[in-house]
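Please read the structure below before turning to the comments.
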Amino acid sequence: GENVEQHPSTLSVQEGDSAVIKCTYSDSASNYFPWYKQELGKRPQLIIDIRSNVGEKKDQRIAVTLNKTAKHFSLHITETQPEDSAVYFCAAATRTDKLIFGTGTRLQVFP
Amino acid sequence: NAGVTQTPKFQVLKTGQSMTLQCAQDMNHNSMYWYRQDPGMGLRLIYYSASEGTTDKGEVPNGYNVSRLNKREFSLRLESAAPSQTSVYFCASSERLAGAYTGELFFGEGSRLTVL
């Protein structure tokens, strides 16, 4: 069935370092790949997304890369700050109009 | 604009009781979703509605029913609650992007349900 795998489940970095989160998806027809950030007790909110006709997209300190052949995509956060600490979810839109999420990565940024 | 509003925010049920979670959006979106969130499991899709008048099963539909009442409202019903349904439930809505199967999901604040 349709599936999105996400790694790692937890990630601890020092402030100023980079963080990378990786996801793979199963539906080769997926064409939209968003990333959500969820702070403790809050709702998930979109931070960046990419469509299948684009290989990379940047927005200030965050970037997403997509490799359609390998069916994986990654989130890169540079110059991490304590306020980046949260749970991050990747997702993939399937040909059946569903958005399937990965299991999440808890990022902790230590000062 | 309120965005996506879901009620109630908190609910405690006994095993076997029924309840309905209500969700409404004011963004004129076509698609609406119900997810549940459990520790370590991420957001799992229960049911979704790609457009008014249609509903489809997601990853974990067993024990739930949904109704797309109109374009704004999408409710989730637990007919006979079980402890395994203890979770945080999120409703979301989206509009399809050109050339994509869906677009950004806008989430409600969540409903924390405990089944004893």
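As given, the protein sequences belong to chains A and B, one line each in that order. What the first sequence shows, in the working numbering, is residues 0 to 110, in sequence order. What the second sequence shows, in the working numbering, is residues 1312 to 1427, in sequence order. For glycine and all other residues, C-beta sits at the position ideal for the given N, C-alpha and C.
Exposure of residue i, with buried meaning 16 or more beta-carbon neighbours within 10 Å
| i | result |
| --- | --- |
| residue 1428 of chain B | Residue 1428 of chain B is absent from the structure shown; chain B starts at 1312 and stops at 1427. |
| residue 1323 of chain B | exposed |
| residue 1338 of chain B | exposed |
| residue 1392 of chain B | buried |
| residue 1343 of chain B | buried |
Residue from the options whose Cα sits closest to the Cα of residue i
| i | options | result |
| --- | --- | --- |
| residue 1313 of chain B | B:1328, B:1321, B:1336 | B:1336 |
| residue 1427 of chain B | B:1315, B:1320, B:1328 | B:1328 |
| residue 47 of chain A | A:66, A:60, A:99 | A:60 |
| residue 76 of chain A | A:28, A:106, A:99 | A:106 |
| residue 1347 of chain B | B:1341, B:1356, B:1340 | B:1356 |
| residue 1381 of chain B | B:1412, B:1341, B:1319 | B:1341 |
| residue 30 of chain A | A:11, A:96, A:103 | A:96 |
| residue 1349 of chain B | B:1362, B:1401, B:1407, B:1416 | B:1401 |
| residue 1374 of chain B | B:1383, B:1320, B:1387 | B:1387 |
| residue 24 of chain A | A:54, A:93, A:109 | A:93 |
| residue 1364 of chain B | B:1383, B:1353, B:1354, B:1415 | B:1383 |
Contact set between residue i and chain A, taken where Cβ atoms lie within less than 8 Å
| i | result |
| --- | --- |
| residue 1406 of chain B | By Cβ distance, chain A contributes nothing, its closest Cβ being about 12 Å from residue 1406 of chain B, past 8 Å. |
Any C-beta of chain B under 9 Å from that of residue i
| i | result |
| --- | --- |
| residue 29 of chain A | yes |
| residue 25 of chain A | no |
| residue 20 of chain A | no |
| residue 85 of chain A | no |
| residue 72 of chain A | no |
| residue 92 of chain A | yes |
| residue 111 of chain A | With chain A represented from 0 up to 110, any question about residue 111 of chain A goes unanswered, as that position is not in the structure. |
| residue 10 of chain A | no |
| residue 79 of chain A | no |
| residue 98 of chain A | yes |
Test: residue i CB closer than 9 Å to a CB of chain A
| i | result |
| --- | --- |
| residue 1337 of chain B | no |
| residue 1352 of chain B | yes |
| residue 1318 of chain B | no |
| residue 1364 of chain B | no |
| residue 1420 of chain B | yes |
7 Å Cβ cut-off: residues of chain B touching residue i
| i | result |
| --- | --- |
| residue 58 of chain A | None at all; the shortest Cβ gap to chain B is about 14 Å. |
| residue 67 of chain A | Result: empty, since nearest Cβ-Cβ is about 14 Å, beyond 7 Å. |
| residue 33 of chain A | 1415 |
Cross-chain neighbours of residue i in chain A, by beta carbon under 7 Å
| i | result |
| --- | --- |
| residue 1385 of chain B | In chain order: nothing, as chain A lies at least about 14 Å away. |
Neighbour list for residue i in chain B, Cβ cutoff strictly below 8 Å
| i | result |
| --- | --- |
| residue 101 of chain A | 1353 |
| residue 45 of chain A | 1415, 1416 |
| residue 88 of chain A | 1353, 1354 |
| residue 48 of chain A | 1415 |
inquiry  = Threshold first: 4 residues or longer. Then list the alpha helix (DSSP H) segments lying entirely within the segment 1335 to 1408 of chain B, N to C.
reply    = none
query = Going along the chain, which unbroken runs of the alpha helix (DSSP H) with 4 or more residues stay wholly within the segment 34 to 60 of chain A?
reply = none
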